[in-house]
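Just so you know, the protein sequences line up as chains A and B, in that order.
With the working numbering, the residue at position 176 of the first sequence is 176, and numbering never jumps.
Each position in the second sequence, counted from 1, maps to that position plus 208 in the working numbering.
Number of protein chains: 2
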Amino acid sequence: MTEKKQLPLRDRQITSRILISAVGSLLAKKGFKGLGVNAVAREAGVDKVLIYRYFDGLPGLIAAFAQQEDFWPSTREMAGGDLEQFSGLPLDEKLSMFTASFIQALKKRPLTRAIMAWEMIEPNELTEELERVREESIMTFFQMFFAKDKTGIDLQALVMLVGAALSYLVIRSDNIDVYGGLDLATDQGWDRISSVVNMVIQRVIPQE
Amino acid sequence: MTEKKQLPLRDRQITSRILISAVGSLLAKKGFKGLGVNAVAREAGVDKVLIYRYFDGLPGLIAAFAQQEDFWPSTREMAGGDLEQFSGLPLDEKLSMFTASFIQALKKRPLTRAIMAWEMIEPNELTEELERVREESIMTFFQMFFAKDKTGIDLQALVMLVGAALSYLVIRSDNIDVYGGLDLATDQGWDRISSVVNMVIQRVIPQE
DNA sequence: TGCTTATATCACCAACAGGTGACATGCGTC
DNA sequence: GACGCATGTCACCTGTTGGTGATATAAGCA
Numbered sequence: 001m002t003e004k005k006q007l008p009l010r011d012r013q014i015t016s017r018i019l020i021s022a023v024g025s026l027l028a029k030k031g032f033k034g035l036g037v038n039a040v041a042r043e044a045g046v047d048k049v050l051i052y053r054y055f056d057g058l059p060g061l062i063a064a065f066a067q068q069e070d071f072w073p074s075t076r077e078m079a080g081g082d083l084e085q086f087s088g089l090p091l092d093e094k095l096s097m098f099t100a101s102f103i104q105a106l107k108k109r110p111l112t113r114a115i116m117a118w119e120m121i122e123p124n125e126l127t128e129e130l131e132r133v134r135e136e137s138i139m140t141f142f143q144m145f146f147a148k149d150k151t152g153i154d155l156q157a158l159v160m161l162v163g164a165a166l167s168y169l170v171i172r173s174d175n176i177d178v179y180g181g182l183d184l185a186t187d188q189g190w191d192r193i194s195s196v197v198n199m200v201i202q203r204v205i206p207q208e
Numbered sequence: 209m210t211e212k213k214q215l216p217l218r219d220r221q222i223t224s225r226i227l228i229s230a231v232g233s234l235l236a237k238k239g240f241k242g243l244g245v246n247a248v249a250r251e252a253g254v255d256k257v258l259i260y261r262y263f264d265g266l267p268g269l270i271a272a273f274a275q276q277e278d279f280w281p282s283t284r285e286m287a288g289g290d291l292e293q294f295s296g297l298p299l300d301e302k303l304s305m306f307t308a309s310f311i312q313a314l315k316k317r318p319l320t321r322a323i324m325a326w327e328m329i330e331p332n333e334l335t336e337e338l339e340r341v342r343e344e345s346i347m348t349f350f351q352m353f354f355a356k357d358k359t360g361i362d363l364q365a366l367v368m369l370v371g372a373a374l375s376y377l378v379i380r381s382d383n384i385d386v387y388g389g390l391d392l393a394t395d396q397g398w399d400r401i402s403s404v405v406n407m408v409i410q411r412v413i414p415q416e
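Right, here's the structure in full:
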């Protein structure tokens, strides 16, 4: 029981990192509800005044957290890991690959889901910034791989619609097990969702 | 300026209604962030102790609010207003009608959107109850009109996928104007979204 | 050694939260 | 009128929040 009084590190870099990672663990534990100056400082085992000194307040700290975390999947990840190979695929396979990758990317990022949910109820400078990064990332991905289609269908709207549906379902899966009869808690349930998306893709994309 | 001291009504029913409607206006003004005992009492211009006496606390008050509001569209509304007519439509037109009605129903219910967003970050007894009502409503609607299809496709998953996408986009439209290049702020933007859903429906549903 | 500076803690503040017990006041009944 | 009861107000409690000024202490340097 010698935990009462850790000797201070007196190292700004390390202390800063401790604070940043405290944001992460607190976010994972309690969500954004319990994310305050006092709580973060407690979690980090450090005085809250350091948040003001080093990050100029909580927003600054959260911004630092968001920057260092890969809270949003990269273009490469959304393409299934291999950009070269991806760009060579036919359109329908690209879409299927994107669907599967997107689900996986969100499922393994609890913090991203928490932030996405947060954005819906508390828009502020910070969420706007995160939002901007994401919008840009999505658009880059889309332009890169889907822009030059000549299918005659509104591919962009279709992709975004699928993205919206998957985002919603993954976020919901944190709180509920069933949505409209769809099982969100098991891999089989997600297979079913992937399947229907793929079915739509197959019937909508003109085969060459 | 004689507003300082309204004479007390001394009518439990009326006072209760005032409290309930205060929840609504506060929710519309500030969202769930500022929804506390003190704030509601202030908004209602009434002492907060009455919340405990009449509703046994804030959860009870919110429950009362949720019950009296039509926070979730009825089966009839989702069917476009006329159940008879709706049930006579071919499957693809049913789906198109549902899509349009669902968008409209959510767009005109800011409180429903707020509650839906709230459910994603603060699951509790109350949100679970609202959730249950909604799940039941959706399933009833689906069973009633889409259960007996013989199309061979996973109609349920398709409908729920569309519902998820639309829910997400409408909720997002409260905070952002553009999602993945889709315009969420204008009717034209929503026409585009409806169109792509209808296109999917046309190509996916086997025509007779 | 002694000095400066960065690092971190502590003590405190005002504002607000949820919650409760004591009290005032009006209404219906006998 | 006098009583009891429902309705409503008030004062106050404890705990927590965001925020800040004063202070201790370790590290680096002359």
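Positions of the beta carbon are idealized from the N, C-alpha and C atoms, including for glycine.
None of the values given here were measured: they were computed from a predicted structure.
Strictly under 7 Å for the Cβ-Cβ distance: is S375 of chain B near chain A by that measure?
On the second sequence, residue 375 of chain B is found 167 positions in, with the first residue counted as 1. True, the Cβ-Cβ gap to chain A drops below 7 Å.
What residue range is occupied by the uninterrupted alpha helix (DSSP H) comprising E69 of chain A?
Locating residue 69 of chain A in the first sequence gives position 69, where the first residue counts as 1. Neither: E69 of chain A is in no alpha helix (DSSP H) and is coded neither H nor E.
Determine, for A117 of chain A, whether the minimum Cβ-Cβ distance to residues of chain B falls below 7 Å.
Counted from its first residue, the first sequence places residue 117 of chain A at position 117. Yes, A117 of chain A lies at the interface with chain B (some Cβ there is under 7 Å from its Cβ).
Considering only residues of the region 361-403 of chain B, which uninterrupted beta strand (DSSP E) runs meet the minimum length of 3 residues and lie entirely inside it, listed in chain order?
none
Quick one: is L217 of chain B buried, meaning 16 or more other Cβ sit within 10 Å of its Cβ, or exposed?
Position 9 of the second sequence, counting from 1, holds the residue named residue 217 of chain B. With fewer than 16 other Cβ atoms within 10 Å, it is exposed.
Cβ pair count under 8 Å reaching 3, the region 179-192 of chain A against the region 130-137 of chain A
no
I'd like to know whether the C-beta of K4 of chain A is nearer than 7 Å to at least one C-beta of chain B.
Taking the first residue of the first sequence as position 1, residue 4 of chain A is located at position 4. Low confidence applies here, because K4 of chain A scores a pLDDT of 35, under 50, leaving its location unreliable and the question unanswered by this model.
Is G239 of chain B helix, strand or coil by DSSP?
Taking the first residue of the second sequence as position 1, residue 239 of chain B is located at position 31. In this structure, G239 of chain B counts as helix in the three-state DSSP scheme.
Using the three-state DSSP reduction, which class does S282 of chain B fall into: helix, strand or coil?
Translated into positions along the second sequence, residue 282 of chain B becomes position 74. It is coil, neither helix nor strand.
May I ask you to list, following chain order, the residues of the region 22-34 of chain A that have a beta carbon less than 9 Å from some beta carbon of chain B?
G31, F32 and K33
Could you give the residue range of the alpha helix (DSSP H) that holds V248 of chain B?
The residue labelled residue 248 of chain B in the question sits at position 40 within the second sequence. Note, V248 of chain B: alpha helix (DSSP H), V245 to A252.
Tell me whether the region 312-329 of chain B and the region 257-265 of chain B touch, counting them as touching only if at least three CB pairs, one residue from each stretch, are closer than 8 Å.
no
Put A322 of chain B into one of helix, strand or coil per three-state DSSP.
Position 114 of the second sequence, counted from the start, is the residue given in the question as residue 322 of chain B. Looking at A322 of chain B - three-state DSSP - the assignment turns out to be helix.
Do S295 of chain B and N406 of chain B have their C-beta atoms closer together than 7 Å?
Residue 295 of chain B sits at position 87 when you count from the first residue of the second sequence. Residue 406 of chain B sits at position 198 when you count from the first residue of the second sequence. For S295 of chain B and N406 of chain B, no; Cβs fall outside 7 Å.
Using a beta-carbon distance below 7 Å, is I171 of chain A in contact with chain B?
Residue mapping note: residue 171 of chain A aligns to position 171 of the first sequence, counting from 1. It does: the Cβ of I171 of chain A has a partner Cβ on chain B nearer than 7 Å.
Do A373 of chain B and A164 of chain A count as a contact pair if the criterion is CB distance below 7 Å?
Locating residue 164 of chain A in the first sequence gives position 164, counting from the first residue. Locating residue 373 of chain B in the second sequence gives position 165, counting from the first residue. Cβ distance < 7 Å, so A164 of chain A and A373 of chain B count as in contact.
Residues in its own chain within less than 8 Å of G232 of chain B by CB, not counting five upstream and five downstream?
One-based indexing of the second sequence puts residue 232 of chain B at position 24. Closer than 8 Å at the Cβ level, and outside the excluded window around G232 of chain B, lie F273, E277 and L319.
Could you tell me whether the Cβ of K356 of chain B comes closer than 7 Å to any Cβ of chain A?
On the second sequence, residue 356 of chain B is found 148 positions in, with the first residue counted as 1. Cβ-Cβ to chain A under 7 Å: no for K356 of chain B.
Please list, in chain order, the residues of the region 338-366 of chain B that have any C-beta partner in chain A closer than 8 Å.
E339, E343, I346, M347, F350, I361, D362, Q364, A365 and L366
Taking buried to mean at least 16 other C-beta atoms within 10 Å of its own C-beta, is G289 of chain B buried or exposed?
Position 81 of the second sequence holds residue 289 of chain B. With fewer than 16 Cβ atoms within 10 Å of its Cβ, G289 of chain B is classed as exposed.
Three-state class that DSSP yields for L89 of chain A in the structure shown:
Within the first sequence, the letter at position 89 stands for residue 89 of chain A. Coil, per DSSP.
Let me know if A236 of chain B comes out buried or exposed under the rule of 16 or more other beta-carbons within 10 Å of its beta-carbon.
For the purposes of this step, residue 236 of chain B is taken as the residue at position 28 of the second sequence. Exposed is the call here.
Which term fits T307 of chain B, buried or exposed, when burial requires 16 or more other beta carbons within 10 angstroms of its beta carbon?
Within the second sequence, residue 307 of chain B is the residue found at index 99, counting from 1. So T307 of chain B ends up on the buried side.
Are V37 of chain A and K30 of chain A close, meaning C-beta to C-beta below 7 Å?
Locating residue 37 of chain A in the first sequence gives position 37, where the first residue counts as 1. Locating residue 30 of chain A in the first sequence gives position 30, where the first residue counts as 1. Their beta carbons are not under 7 Å apart, which means V37 of chain A does not touch K30 of chain A by this criterion.
Under 7 Å Cβ to Cβ from L363 of chain B, same chain only, skipping five residues before and after it: list those, please.
Locating residue 363 of chain B in the second sequence gives position 155, counting from the first residue. F354 and D357.
Cα-Cα, which of B:D385, B:S381, B:I379 and B:V370 is closest to V404 of chain B?
Within the second sequence, the letter at position 196 stands for residue 404 of chain B. Looking at the Cα atoms, B:V370 is the closest of the given residues.
Could you tell me the alpha carbon to alpha carbon distance between F240 of chain B and D382 of chain B, rounded to whole angstroms?
In the second sequence, residue 240 of chain B corresponds to position 32, counting from 1. In the second sequence, residue 382 of chain B corresponds to position 174, counting from 1. Straight-line Cα distance between these residues: approximately 14 Å.
At a Cβ threshold of 7 Å, is I329 of chain B touching chain A?
As a working mapping, residue 329 of chain B is identified with position 121 in the second sequence. It does; some Cβ of chain A falls within 7 Å.
By the 9 Å beta-carbon criterion, what residues does the region 378-406 of chain B contribute toward chain A?
I379, R380, D382, N383, I384, V386, Y387, G388, G389, L390, R400, I401, S403, V404 and V405
Would you mind telling me which residues of chain B sit closer than 7 Å to M97 of chain A, beta carbon to beta carbon, in chain order?
Stepping through the first sequence from its first residue, residue 97 of chain A is reached at position 97. Per Cβ cutoff of 7 Å: no residues; M97 of chain A is ~18 Å from chain B at best.
For S167 of chain A, which option in A:Q104, A:E128, A:I153 and A:L19 has the closest C-alpha, if you only look at C-alpha atoms?
Looking up residue 167 of chain A in the first sequence gives position 167. The shortest C-alpha separation from S167 of chain A is found at A:Q104.
Look at the alpha carbon of I361 of chain B and the alpha carbon of Q207 of chain A, and state the distance between them as a whole number of angstroms.
Within the second sequence, numbered from 1, the residue matching residue 361 of chain B stands at position 153. Within the first sequence, numbered from 1, the residue matching residue 207 of chain A stands at position 207. Spanning the two alpha carbons is a distance of roughly 19 Å.
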